[in-house]
Amino acid sequence: MNKIILAISLAVIVFTSACKKEITTNPAAIGNGPSPLSEADLLKDSVYLYSKEIYLWQDVLPSYDAFDPRQYTGSDVIGSATGVMNAIRRLQPLDRFSFVTTKETSEGLQTGADVNFGFFVKAASIDKADPVDSVRWFVTYVYDKSAAGAAGVTRGWYINKINNTSITYSQSSINLLNDVFFGSTNSAAFEFVKPGGSTATSTLSKTSFISNSVLHESVINAGSKKVGYLVFNQFFGAPSRTELSNVFSNFKSKGINELVVDLRYNPGGSTETQDALANLIAPASAANKVMYKYVFNSLLQKGIFPLLKRKSDFANESFSEANNTQNFGKTGTLNLSRVFFIVTGSSASASELLINNLKPYMDVKLIGDTTYGKPVGFFPVNVFNYAIYPISFKTVNSAGNADYYSGFAPDKISPDGVNKNWGDVTEPSLSSALSYISMGSFRSAARETSMYAQQMKVQKQLEPLTNQLQQNKFSGMFLEK
Numbered sequence: 040m041n042k043i044i045l046a047i048s049l050a051v052i053v054f055t056s057a058c059k060k061e062i063t064t065n066p067a068a069i070g071n072g073p074s075p076l077s078e079a080d081l082l083k084d085s086v087y088l089y090s091k092e093i094y095l096w097q098d099v100l101p102s103y104d105a106f107d108p109r110q111y112t113g114s115d116v117i118g119s120a121t122g123v124m125n126a127i128r129r130l131q132p133l134d135r136f137s138f139v140t141t142k143e144t145s146e147g148l149q150t151g152a153d154v155n156f157g158f159f160v161k162a163a164s165i166d167k168a169d170p171v172d173s174v175r176w177f178v179t180y181v182y183d184k185s186a187a188g189a190a191g192v193t194r195g196w197y198i199n200k201i202n203n204t205s206i207t208y209s210q211s212s213i214n215l216l217n218d219v220f221f222g223s224t225n226s227a228a229f230e231f232v233k234p235g236g237s238t239a240t241s242t243l244s245k246t247s248f249i250s251n252s253v254l255h256e257s258v259i260n261a262g263s264k265k266v267g268y269l270v271f272n273q274f275f276g277a278p279s280r281t282e283l284s285n286v287f288s289n290f291k292s293k294g295i296n297e298l299v300v301d302l303r304y305n306p307g308g309s310t311e312t313q314d315a316l317a318n319l320i321a322p323a324s325a326a327n328k329v330m331y332k333y334v335f336n337s338l339l340q341k342g343i344f345p346l347l348k349r350k351s352d353f354a355n356e357s358f359s360e361a362n363n364t365q366n367f368g369k370t371g372t373l374n375l376s377r378v379f380f381i382v383t384g385s386s387a388s389a390s391e392l393l394i395n396n397l398k399p400y401m402d403v404k405l406i407g408d409t410t411y412g413k414p415v416g417f418f419p420v421n422v423f424n425y426a427i428y429p430i431s432f433k434t435v436n437s438a439g440n441a442d443y444y445s446g447f448a449p450d451k452i453s454p455d456g457v458n459k460n461w462g463d464v465t466e467p468s469l470s471s472a473l474s475y476i477s478m479g480s481f482r483s484a485a486r487e488t489s490m491y492a493q494q495m496k497v498q499k500q501l502e503p504l505t506n507q508l509q510q511n512k513f514s515g516m517f518l519e520k
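Heads up: the sequence shown runs through residues 40 to 520, numbered per my numbering.
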């Protein structure tokens, strides 16, 4: 199957794949209505008509006249199209994911190209005595080539002020953060507080850059073991695969015999990149065995998609069952018997696909919190300068496991130590992995267990705050073409 599918997991997406050819026919001509039509109406028709062919649950969609896509309005063209997609989602409770975005944003999912400050934050507190009243917005990650990366902003810092306004857990602070990160603001003055208490001030602008998917790599000694530690933040396309190849070559040269892959903020992305990472991690015994299968709707599998076939890049496409199996093609010379994944509720789609695909072939340990729960994905259809992403497939691993909509529960519950930089062996989740590698179990001292439990309790209390920002980011799994 000559496809690549990206995995990432949030309902409202305005962030970081797409087929790159625009539609060459008028999809709205199939529906009823006067001509000529506006671009907004054509796009609304397209959202419905393409979904009627490729939506995984296409049988829930009524006829064009009964659905009436042109009834939905918005403040702009993409807002109206999003209204149509949201109406489709309401017909299938499992669909939290289908969306419409710009073609530019869609292409950025494959290339890593983006325009923003280059870092993100989450609400957290490290004050044991008064955690709720000491909530801060900690930097979770920074992209190397972004404005924030160039300014030296680092995971573990927190925002104290933006444009001289103090940032707390108040709704006004959340509104300001949303406006600065996702609104029309192009630059802002940030005051950060470092772990030692000193401050750093930077005026940052939203600039164009290519995101690095590997945020950190290191080799850590744990007892007699050499542990490769990799922070992998998103499954972009070919650039991610190059990064991963380089990392695993380095791990091999340094003689690692254990692996910890940190997916705590990874929303998914390209399934081809997932394939590449799975082939680097899997033991040699998995070679040529089934990794997973794609499942499309019955119309696609039977070749009944006349509208989609009008697009030149889909004219000769086959979604038949015979073409939908992806086998392992082991790469590299690492031959591990187990792997540790650090995960949170932000680990979605392609991240979960990776976990699900490896479980039948090796010992997989999960540390952190329950993953998002997105076993489905999409491939984009370009219309004008927009990209339509209706959910169009699910995946099934070699053991038949597919519908993990509730996510994967961790073997070891551990808080996200946002005040610690990558590779800090005292960070709770990484520390838990290293302890297991050294001692053979997740058992810990009563004091540590109590501390982690308290931190997890506070973390859960603060999730609704972070979600008010997180909902604006991309999450899903898609097919590259």
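The beta carbon of each residue, even a glycine, is placed where N, CA and C say it ideally should be. Quick caveat, the model's predicted, so the values are computed rather than measured.
{"query": "Backbone CA spacing between G122 and T150 [nearest angstrom]", "result": "28 Å"}
{"query": "For G515, three-class secondary structure by DSSP", "result": "strand"}
{"query": "Buried versus exposed call for I343 [16 or more other C-beta atoms within 10 Å across all chains shown]", "result": "exposed"}
{"query": "Ranges of the beta strand (DSSP E) found wholly within the segment 244–294, counting only runs of at least 3", "result": "246–249, 253–261, 264–271"}
{"query": "Contacts around A404, its chain only, beta-carbon distance under 6 Å, and the 5 residues preceding and following it disregarded", "result": "Here residue 404 turns out to be Lys, not Ala, going by the sequence shown. For K404, where only same-chain residues beyond five positions count, the Cβ hits under 6 Å are F379, D450."}
{"query": "Nearest neighbour of G371, chosen from S385, Q365, A325, S388 [CA to CA]", "result": "A325"}
{"query": "Presumed contact (8 Å Cβ cut-off) between S85 and I427, rounded CB distance", "result": "6 Å"}
{"query": "DSSP three-state assignment for I213, whether helix, strand or coil", "result": "helix"}
{"query": "Spatial neighbours of V99 in its chain, beta-carbon cut-off 8 Å, leaving aside the 5 residues before and after", "result": "L130, Q131"}
{"query": "Chain D contact for S385 (CB, 8 Å cutoff)", "result": "Of the chains in the structure shown, none is chain D; there is only one protein chain."}
{"query": "Close beta carbons around L397, own chain, < 7 Å, minus the five adjacent residues each side", "result": "A317, I320, A321, V378, V403"}
{"query": "G157 beta carbon less than 8 Å from that of Y197", "result": "no"}
{"query": "Which listed residue (T242, Y180, Y89) has its alpha carbon closest to that of K459", "result": "Y180"}
{"query": "Whole-number beta carbon distance between D408 and T383, since they are thought to touch under 8 Å", "result": "5 Å"}
{"query": "Beta-carbon gap between I117 and T144 smaller than 8 Å", "result": "no"}
{"query": "Distance, P278 Cα to N506 Cα", "result": "29 Å"}
{"query": "Nearest to F367 (by Cα), restricted to the options S386, V420, T312, V266", "result": "T312"}
{"query": "Nonlocal neighbours in the same chain, by C-beta distance under 7 Å from K348, ignoring five residues either side", "result": "A354"}
{"query": "CA-to-CA distance, R109 to Q97, given in whole angstroms", "result": "19 Å"}
{"query": "Collapsed DSSP secondary structure at E297 in the structure displayed", "result": "strand"}
{"query": "Contacts around S470, its chain only, beta-carbon distance under 7 Å, and the 5 residues preceding and following it disregarded", "result": "V464"}
{"query": "Beta-carbon spacing of L518, T281 below 8 Å", "result": "no"}
{"query": "Contact under 8 Å by Cβ, I93 with P414", "result": "no"}
{"query": "Residue burial classification, M516 (beta-carbon count within 10 angstroms, cutoff 16)", "result": "buried"}
{"query": "Helix, strand or coil at Q510 [DSSP, three-state]", "result": "coil"}
{"query": "C-beta atoms of G462 and Y443 nearer than 8 Å", "result": "no"}
{"query": "Start-to-end residues for the alpha helix (DSSP H) that takes in T140", "result": "No alpha helix (DSSP H) contains T140, which is instead part of the beta strand (DSSP E) from 138–141."}
{"query": "I165 versus A227, S185, L501, A441, residue with shortest Cα-Cα distance", "result": "L501"}
{"query": "Distance, G262 Cα to K293 Cα", "result": "16 Å"}
{"query": "Bounding residues of the beta strand (DSSP E) (the contiguous stretch that carries K365)", "result": "Looking at the sequence shown, residue 365 is not Lys but Gln. First-last of the beta strand (DSSP E) with Q365: 364–366."}
{"query": "Pick from S244, L298, N305, D104 that is closest to S477, judged by C-alpha positions", "result": "L298"}
{"query": "Inter-residue Cα distance where the pair is A152 and Q273", "result": "12 Å"}
{"query": "One or two residues paired with S205 in a DSSP bridge", "result": "K200"}
{"query": "N-terminal and C-terminal residue of the alpha helix (DSSP H) that T121 is part of", "result": "116–129"}
{"query": "Rounded separation between L148 and T242 - CA only", "result": "27 Å"}
{"query": "Host alpha helix (DSSP H) of L397 (start-end)", "result": "389–397"}
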